[in-house]
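Heads up: the sequence lines are chains D and A, in that order.
143 is the number that numbering that gives the first Met the number 0 gives to position 144 of the first sequence; each next residue is one higher, with no gaps.
543 is the number that numbering that gives the first Met the number 0 gives to position 544 of the second sequence; each next residue is one higher, with no gaps.
Just so it is clear, CB atoms sit at the ideal spot from N, CA and C, and this is done for glycine as well.
None of the values given here were measured: they were computed from a predicted structure.
The next block holds one structure in the form of structure tokens; read it before the comments.
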Amino acid sequence: MSRRDISLTVNGKALSGAAEPRMTLLDFLRDVLGLSGTHMGCEHGVCGACTVIHEGQPVRSCLMLAVQAERQSIETIEGLAGEDGSLSVLQDAFRDAHGLQCGYCTPGMLMSAEALLRENTSPTDENIREAIGGNICRCTGYTQIIDSIRLAAERLRETSS
Amino acid sequence: MSTPESHGSNYHQISRKRRIVEDKRFVTGQGKYVQDVPLPNLKHAAVLPSPYPRARIKSINAEAALALEGVIGVVTGAEIAEHVTPLYHGIDLPNVRWYPLANEMARYAGEWVAVVVAEDRFIAEDALDLIEVDYEPLDPVVDPEKALNDPSALVHPDHGTNLIFEGNFTWGPVEGDFAAADHNLSFRVRWGRSSTVPIETFGVQAQWEPGIDTLNVWASIQMPNYQEQIATALGLPTSSVRVLQDVDVGGSYGVKRGVKHTVMVGYLSRKYGVPVRFIEDRLNNMSGGDNHGPDRIFYSDVAFNDDGVITSLKIKAIDDCGAYPGRGPFQLGKPIAAIVGPYRINSVQYNPISVTTNKSGQVPVRGMGQGPTNFMIESAVDHVARHLDLDRIEVRRRNFIRADEFPYENPSGTKYDSGDYHTVMDKALELASYDDLVKRRDEVRASGKLAGIGVGACLEPSGGNNMFEYLFNPKLEISTFMEGCQVRVDATGQIVGTMATTTSGQGHETLVATIVGEDLERDPDDIRVVHADSLSGLPTRSPIASRMAVMLGGAASGAAKKIKDKLLAIAAHNLEKPVSELDYEGGDIFDRADPSRKLTWSQLVHIAYRQYHNLPEGMEPGLQAIHVEQVPLGGQLPDENNKVQLYPCFSFQAHIPFVEIDPGTGKVIVHDYIIAHDCGTVINPDIVRGMIIGGVAHGIGAALYEKFAYGEDGQFLSGTFVDYVMPSVFEVPYVKDAEHCTPSPLTSHGQKGSGEGGYLGAPAAMASAVNDALQPLGLTINELPMRMTDIENLLNGS
Chain D
0 MSRRDISLTV NGKALSGAAE PRMTLLDFLR DVLGLSGTHM GCEHGVCGAC TVIHEGQPVR
60 SCLMLAVQAE RQSIETIEGL AGEDGSLSVL QDAFRDAHGL QCGYCTPGML MSAEALLREN
120 TSPTDENIRE AIGGNICRCT GYTQIIDSIR LAAERLRETS S
Chain A
0 MSTPESHGSN YHQISRKRRI VEDKRFVTGQ GKYVQDVPLP NLKHAAVLPS PYPRARIKSI
60 NAEAALALEG VIGVVTGAEI AEHVTPLYHG IDLPNVRWYP LANEMARYAG EWVAVVVAED
120 RFIAEDALDL IEVDYEPLDP VVDPEKALND PSALVHPDHG TNLIFEGNFT WGPVEGDFAA
180 ADHNLSFRVR WGRSSTVPIE TFGVQAQWEP GIDTLNVWAS IQMPNYQEQI ATALGLPTSS
240 VRVLQDVDVG GSYGVKRGVK HTVMVGYLSR KYGVPVRFIE DRLNNMSGGD NHGPDRIFYS
300 DVAFNDDGVI TSLKIKAIDD CGAYPGRGPF QLGKPIAAIV GPYRINSVQY NPISVTTNKS
360 GQVPVRGMGQ GPTNFMIESA VDHVARHLDL DRIEVRRRNF IRADEFPYEN PSGTKYDSGD
420 YHTVMDKALE LASYDDLVKR RDEVRASGKL AGIGVGACLE PSGGNNMFEY LFNPKLEIST
480 FMEGCQVRVD ATGQIVGTMA TTTSGQGHET LVATIVGEDL ERDPDDIRVV HADSLSGLPT
540 RSPIASRMAV MLGGAASGAA KKIKDKLLAI AAHNLEKPVS ELDYEGGDIF DRADPSRKLT
600 WSQLVHIAYR QYHNLPEGME PGLQAIHVEQ VPLGGQLPDE NNKVQLYPCF SFQAHIPFVE
660 IDPGTGKVIV HDYIIAHDCG TVINPDIVRG MIIGGVAHGI GAALYEKFAY GEDGQFLSGT
720 FVDYVMPSVF EVPYVKDAEH CTPSPLTSHG QKGSGEGGYL GAPAAMASAV NDALQPLGLT
780 INELPMRMTD IENLLNGS
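Structure, rendered in structure tokens:
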């Protein structure tokens, strides 16, 4: 099957690669652009492991084709930390409150939480549940994930005040 | 949230809040899972599933597939069967032949019958569509009880029966206890076919290196004797199979056992001379991965007195292990470790039966069968309470083993190490504000709705002394389930711990670093922990059986102590004082009589590595130690009465969920979940809390949602996450937990296992809650999962 060249912005950088029209954005990020932080879980849009931020909104990269991302902005887990490798407030909070175990759902979970906290640094628990309601975690039972997002929000509020 | 202070231990590192070393790579997207390990010239495999649950494979035509550009080869089950030996079952089953691909007969819908290797996964999947298989469909074997009693069809004709295993065990005076009891009652409960379903499917890649006769394997694995099983099936010496263990595993909870997948890609890599990767897609995983959990029907009788004291149990357990048993039937054996749960039940009769059907095969799931058994035991207690109109908590209190009775030997010969079940239950009730909870329940009921409080207790056997294997197969005369760890202090004083297995979220690197740091009084954050590969590695039984805190922890501690002893011997020689007159502090060693005479950590390391002339005569230079931990209390085969010490350590949990049921739809809403737990000394509070609560969520799933359903025609009905429903954050409440610590007298620091208890207790507690909610209607439900439609049907009387 013929390939098409796709140019897009990933984590603020202009990147391009070739993909068949049937290739998902998930596979494109992982296999063509070499960004393996985004994970494949179910490939049918339920588990949320592959969540990335597309034009500011969290989306499942397994339900989007790479060609649909042409000239668009995508953010992945690789873009959260600082240039010097320092953890973002959200990443650090997940580490501090151990909001993960095996780490496999974590990139998707973080991207969903990132999208929430950009909009709202004072989320209620209900807001947090809404934000990660499409991300399945089999390890934690979510309690420490909620702790982590609460902690990140608190620290973001402290920084901004 | 747990705080460091709440653990109150005397340790400097253990039980203290400490960031988990593994988390850094995961929050930055730098975990290295099998799909993230690049290999040059890597090829990709895809598998063709059988559409029929039971069918003879008459022929396979792969010509068109082979003609597709980019296809490297197609391999069928018949070819594989010629070149590999059948895969290992725990039970001795010479005529139940299990291969990576179906040979001659497909035995379940979804079983893989052929595999394509191609330049990429897209091409491999395109080629699958071009393979023509001529099947002769046969009537499938679906219902396990029917398969057993009326074997009109045989899953494995050469085996001659659908019965895979039956055991008859009697421990203690069962008939006498039944005759003497004031009451007895019979009940049936069923545990549905579910599993842990990690978000990462199973994946493996293999690379045959002919120049060194070595098969390199990277896999998302959690499996004992993995290297041995691959080597045996492929006809290689184990010294030619190198399993790389520094692969992050994206969740397992028992099920990542992909021996068949690995043997398949190992064969392909050798045949085609290229590295081959196979990553299950979700449907491969759900329908054909041979990774379903127990599917169990219990018929039980319980004998008890007027005061609610239970004296004896008779248990018949029929388990549907699917088409390929693997280690699955052993899941009827492990529960013997806690066959009476936390209760002082005097005698037990146990009749475990494993039966084969046309469904995907079985693997060990979190707790290895203890979850279903605990659900049955807790159901028995609730039945007794209901029968006598006694309070469920009071009946439990009357039957709990008392704190002053440990070590307590249960009827099957296992001694429970320690515990204080009454106190832990009290802590759960206190955290739940139980009296207020009862008021809340009654208020909800008064408003015309259904509400219930669950009560569940459970034991979590930990440490993994798998002597039940011998009870199920006397050829397995195995009495050690050891674990090794190496600690090395390098020439600059840096410490590296080496473990022998993969890890799948349990934080083993943090475990080893914390324990070594504690024992050597060095900062755990400066201790590196690596995973040896299977050729350079250490004896291991893999991270199963809630055993790593006990066994890897014990091994790490043992190795650290050997290092410390060596440092003390070096210091004694150089300070010219006996060890008994020296003090070790933070890695430095002092003359107790004159602390100005000392050798620092750096000086001691320097002597060990650079100054042979200052070492005691005959001492090996360098600073490294290996310790292989034997399971505490292990080492003995069962006696003539089949009594044996199974797992050494027993954690305890008390669960209190509060639920509401929508009377219109049958939907269960879990409003509150309270758990109190005692796993002895907690090594890392955040890790323990996470695993306990994660286990609860998993148990809520098994209780309310998760089921691998098959139709009466044997077709698989749960191939997506829309059909196999797992709890999201909306289905799991913010779990409140309380801790209690009864140290184990058997382990290095008093620790016990904690990875399973949440899951072992939650389904029973959820069933208790739902049944409490249904009680005003005079209804009960005895089958898991209790899905919305099941409850709706019950409420509608259909």
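| query | result |
| --- | --- |
| Met498/A, enclosing alpha helix (DSSP H) - first and last residue | It is not in any alpha helix (DSSP H) - Met498/A instead sits in the beta strand (DSSP E) that spans 494-498. |
| Same chain, Cβ closer than 6 Å to Val74/A, five either side skipped, listed in chain order | Val114 |
| Cα-Cα separation between Val70/A and Lys259/A, rounded to whole angstroms | 22 Å |
| Contiguous beta strand (DSSP E) assignments of at least 3 residues, all confined to the stretch 334-397 of chain A | 346-354 |
| Simplified DSSP assignment, three categories, for Thr422/A | helix |
| Residue range of the unbroken beta strand (DSSP E) whose run includes Tyr672/A | 667-677 |
| Asp4/D - DSSP class collapsed to helix/strand/coil | strand |
| Runs of beta strand (DSSP E) wholly within the stretch 229-286 of chain A (minimum 3 residues, chain order) | 240-243, 275-278 |
| Nearest-angstrom Cα separation, counted from Trp97/A out to Pro85/A | 5 Å |
| Cβ distance (whole Å) where Ser359/A is taken to contact Gly288/A below 8 Å | 7 Å |
| For His38/D and Val51/D, the rounded distance between their alpha carbons | 10 Å |
| Per-residue DSSP class, three states only, for Ile600/A | First, the amino acid is wrong: residue 600/A is Trp here, not Ile. Reduced to three states, the DSSP call for Trp600/A is helix. |
| Per-residue contacts from Phe93/D into chain A (C-beta, under 8 Å) | Asp22, Val26 |
| Euclidean distance between Cα positions of Glu738/A and His676/A | 5 Å |
| Residue range of the unbroken alpha helix (DSSP H) whose run includes Asn573/A | 547-574 |
| Neighbourhood of Arg59/D by C-beta distance below 7 Å, restricted to the same chain and skipping five residues each side | Gly44, Gly47, Cys49, Thr50 |
| Distance CB(Ser219/A)-CB(Val262/A) smaller than 7 Å | no |
| Cutoff 7 Å; reference Met547/A; Cβ partners in own chain excluding five residues on either side | Gln505, His507, Leu510 |
| Inter-residue spacing [alpha-carbon to alpha-carbon] between Pro363/A and Lys666/A | 30 Å |
| Beta-carbon contacts of Val240/A that lie in its chain and below 6 Å, excluding the five residues immediately before and after | Leu214, Gln226, Ile229, Ala230 |
| Contact set for Leu581/A: own chain, Cβ-Cβ below 8 Å, skip 5 residues either direction | Leu567, Ala570, Ala571, Leu574, Ile588, Phe589, Asp590, Arg591 |
| Euclidean distance between Cα positions of Ser353/A and Tyr407/A | 30 Å |
| Residue of Ala544/A, Tyr266/A, Arg256/A, Arg596/A minimising C-alpha distance to Gly325/A | Arg256/A |
| Exposed unless 16 or more other CB atoms sit within 10 angstroms - verdict on Arg397/A | buried |
| Buried or exposed (CB count within 10 angstroms, at least 16 for buried), Arg811/A | Outside the displayed span of chain A (0 to 797) sits residue 811/A, for which this structure offers no information. |
| Listed by chain order, chain B residues near Val734/A by CB distance under 9 Å | Structure shown: chain B not included; protein chains present are D and A. |
| Exposure of Pro328/A, with buried meaning 16 or more beta-carbon neighbours within 10 Å | buried |
| Per DSSP, the bridge partner or partners of Asp736/A | Ile674/A |
| At least three beta-carbon pairs within less than 8 Å, the stretch 194-201 of chain A to the stretch 401-415 of chain A | no |
| Contact list for the stretch 96-117 of chain D against chain A, Cβ threshold 8 Å | Ala96, His97, Leu99, Gln100, Cys101, Gly102, Tyr103, Cys104, Thr105, Pro106, Leu109 |
| Under 7 Å between C-beta atoms of Ile335/A and Leu312/A | no |
| Below-7 Å beta-carbon distance, Leu220/A vs any chain D residue | In the sequence as displayed, the identity of residue 220/A is Ile instead of Leu. Cβ-Cβ to chain D under 7 Å: no for Ile220/A. |
| C-beta neighbour in chain D for Pro293/A, strict 7 Å | no |
| C-beta atoms of Glu769/A and Met785/A nearer than 7 Å | First, the residue type needs correcting, since residue 769/A is Val and not Glu in the sequence shown. Yes; because the gap between Cβ atoms is below 7 Å, this pair is in contact. |
| Bridge-paired residues (DSSP) for Glu584/A | Asp587/A |
| The ligand GTP heavy atom lying under 6 Å from the CB of Pro542/A | For the ligand GTP, the structure offers nothing, since it holds no ligand at all. |
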